[in-house]
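Let me begin by presenting the structure, written as structure tokens, before commenting on it.
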Amino acid sequence: MRHGSPSPVLNRRIERLRELAEAEPRLDGVLLYGSWTLGESDAHSDIDAYLFVRDADAETFDGREFVERLAPLKLAHTNMYGILAVVFDDLMRGEFHVDAAGPGIDLIPSWEGSVHLPDPDSAVLLDRGGRLTAAARRLAEFRPPEPVSTAQELCDELANWTLMLAHVMARGESARAYNLLHAVVSPLQLKLCRLLRGSTAHWPTPSRALEQDLPEADRARHLRTTGVARPAELRSAAVESWGWSRDLAAEASARWGTRLPLQLHDEIAESLAKG
13 MRHGSPSPVL
23 NRRIERLREL
33 AEAEPRLDGV
43 LLYGSWTLGE
53 SDAHSDIDAY
63 LFVRDADAET
73 FDGREFVERL
83 APLKLAHTNM
93 YGILAVVFDD
103 LMRGEFHVDA
113 AGPGIDLIPS
123 WEGSVHLPDP
133 DSAVLLDRGG
143 RLTAAARRLA
153 EFRPPEPVST
163 AQELCDELAN
173 WTLMLAHVMA
183 RGESARAYNL
193 LHAVVSPLQL
203 KLCRLLRGST
213 AHWPTPSRAL
223 EQDLPEADRA
233 RHLRTTGVAR
243 PAELRSAAVE
253 SWGWSRDLAA
263 EASARWGTRL
273 PLQLHDEIAE
283 SLAKG
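Convert by adding 12 to the 1-based position in the sequence shown; the result is the number in the numbering used here.
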């Protein structure tokens, strides 16, 4: 195993997964993804894998039964994304996609630009026919997002969702506004910030490693956009959030020439201020 983790438990579990997969004739391939494949795993990391089942066995393969051979499970369920999510007896989490090998492996090249496997040969734990390794190698090169169109999309999204935030707050729906601010606006904001700083390695989850990836000034601005669901504090956080979004959008416009609808931006600020 060329890759490794500071967590011996995770390393042993991955090696055990390799052994079980090799001994399971219904599996055509196994591909790891996530922090272990990026060399960023630690004692708190999950084990994340695609289990590619032979097409003839795809309907009958019991993913839970197979995963439970790794270690006893405290929890196993199909999560909101249709993925087998488990909690092992030592509280390590796991996510396992159980897909038919034919269409599943064919889909991997379409991940280019969104999934990065720096060492694809280590990420592939099992490949009976060679197709999986060839597909995974398509993901070896890191491809940052195209800046101009991505910045424009993020700026437009931020304006649209922040206006919705203002309407929801005016209606008095503090819980919904809180969710919009933190679950919708904040990830878009952090992506735009990462794009401007040239720090897109954690693009799919822009809050990941934020403390190490972004300058202190950006981290401070982000903190001022957070708050609790009490109306006054929520409004203050929303105003701070829109102020930072506007600054980031102006910076993107100056650098890449993206559209900047200043009148709309002013009207959103006025809506947030009025409540």
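Glycine is no exception: its CB is placed at the ideal position from the N, C-alpha and C atoms.
Check                                                                                                                                                      : Outcome
Contact defined as beta carbons within less than 8 Å: I believe L129 pairs with A147. What is the distance between those atoms, to the nearest angstrom?   : Not really, about 10 Å apart at Cβ, beyond 8 Å.
Go ahead and pull the three-state DSSP assignment for R140.                                                                                                : coil
Run the CB neighbour count on M13, radius 10 Å, all protein chains shown included, and call it buried at 16 or more, exposed below.                        : At M13, the pLDDT of 42 sits below 50, so the modelled position is not reliable; the number obtained from the coordinates is stated separately. M13 comes out exposed.
For the ligand SAM, any of its heavy atoms closer than 7 Å to the Cβ of E52?                                                                               : Within the structure as shown, the ligand SAM is missing, as the structure has no ligands at all.
Taking C-alpha atoms, which residue in L138, L137 and D131 lies nearest to R150?                                                                           : D131
By how many angstroms is the C-alpha of L274 removed from the C-alpha of R140?                                                                             : 57 Å
Using the Cα positions of V65 and I120, report the straight-line distance between them to the nearest angstrom.                                            : 15 Å
Ends of the beta strand (DSSP E) at Y62?                                                                                                                   : I59 to V65
If we ignore side chains and look at the alpha-carbon of each, how far apart do V310 and Y45 end up?                                                       : Nothing about residue 310 can be reported from this structure: the residues present for the chain run from 13 to 287 only.
What residue range is occupied by the uninterrupted beta strand (DSSP E) comprising G106?                                                                  : R105 to A112
Please check the pair P138 and A33, which I expect to be a contact at CB under 8 Å, by giving their CB distance rounded to whole angstroms.                : According to the sequence shown, residue 138 is Leu rather than Pro. Correct: roughly 4 Å between the Cβ atoms.
R231: buried (16+ other C-beta within 10 angstroms of its C-beta) or exposed?                                                                              : exposed
Are the Cβ atoms of T162 and L200 separated by less than 8 Å?                                                                                              : no
Return the CA-CA distance between L103 and W215, expressed in angstroms with no decimal places.                                                            : 27 Å
Tell me the DSSP secondary structure of G41 in three-state form.                                                                                           : strand
Cutting at 8 Å between CB atoms, please list the residues of its own chain near M176, excluding the five before and the five after it.                     : L192
Taking the alpha carbon of Q164 as the reference point, which residue from K286, A261 and L235 has its own alpha carbon closest?                           : A261
Got a sec, what are the start and stop residues for the alpha helix (DSSP H) T49 sits in?                                                                  : S47 to L50
Closer than 6 Å by C-beta to L204: which residues in its own chain qualify, once you throw out the five before and the five after it? Chain order, please. : L166 and L260
Check each candidate in L29, L96 and A113 and name the one with the smallest Cα separation from D74.                                                       : L96
Find out if the Cβ-Cβ distance for the pair S17, D60 is shorter than 8 Å.                                                                                  : no
Apart from the five residues just before and just after I26, which ones in its own chain have a Cβ nearer than 6 Å to its Cβ?                              : none
Below 6 Å CB to CB, which residues in the same chain sit around D278 once its five sequence neighbours on both sides are set aside?                        : none
Looking at the strands, I want to know which residues DSSP matches up with T90.                                                                            : L96
Just the C-alpha distance for F100 and L284, rounded to the nearest angstrom, thanks.                                                                      : 45 Å
In angstroms with no decimal places, state the Cα-to-Cα distance between E223 and G239.                                                                    : 18 Å
Distance check for G142 and R81, CA to CA, integer angstroms please.                                                                                       : 25 Å
Measuring only the C-alpha atoms, how far is V197 from W173?                                                                                               : 7 Å
So what's L85 in DSSP terms, helix, strand or just coil?                                                                                                   : strand
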